[in-house]
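Residue numbers (my numbering): 1 to 185. Cβ coordinates follow ideal geometry from the N, Cα and C atoms, glycine included. Working notes, structure below.
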Amino acid sequence: MDTTDTNVDSLRNERFHLKPYDRIRMAASIGGLIGAGSGFYEGVKLSSLRYLTENAHRLPTTVGGWYFYHKKKNYVMIISGCKDAARLGLKYSLGVSSFFALEYLIDYTRNTIDFLNTTAAGAIVAYTHGSIRHMTKVQKFNHVKKGSFLALVLGLSQDMMIFSRGGDLWYKKAFDDIKTSNFVL
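Shown next, in the form of structure tokens:
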């Protein structure tokens, strides 16, 4: 029982109360599942419309014909949905895990865990995504702005979780030092 308490106490300064390797794996798994679900839904929807478009000139006229039409259509929809689920799940998993890995790399480099590292990681990932997608400068700027803002919100929420567990935040200490020294601007 004592080893569990010590282990939990040693993780009080970690993001999401997890070690970096576990946090990256967890984020990659959740991102992959969300991407797979979204990809399956979109793949099924698009393949249904594509199948109707490809076969609109020869629709069945008998009850048996309609049975086999829908049987084949459902088969095509499931196969296409699974392909898109795998593709989009892998994309989401790689994107999310690269964000969290970059966040950890910046944490390790700066030797501190705070919202600035998360914001920097969000800006870098958003810029990289915009460059890969060949966005214009204005689109890329807006993309980086939104990515940085979302990463800032995520970083501040992570810091609040660390603070609520009794973890250490460097800027909290700085504000406390300013309060105790009667600092006047």
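Taking 8 Å as the cut-off, the beta carbon of Gly39 is found no closer than this to the beta carbon of Leu94. CA-CA distance, Gly147 to Gln139, rounds to 12 Å.
Under the 8 Å Cβ criterion, the stretch 159-173 does not count as touching the stretch 127-136, having fewer than three qualifying pairs. In this structure, Asp114 lies away from Asn13, with their beta-carbon atoms at least 8 Å apart.
Within the stretch 82-157, the complete alpha helix (DSSP H) segments of 4 residues or longer fall at 115-132, listed in chain order. Taking a cut-off of 8 Å for Cβ pairs, the stretch 49-60 and the stretch 108-122 do not touch, as fewer than three such pairs fall below it.
For Glu14, the secondary structure class from DSSP, reduced to helix, strand or coil, is coil. Residue nearest to Leu49 within the set Lys179, Ala123, Met77, Phe175 is Met77 (criterion: CA-CA distance).
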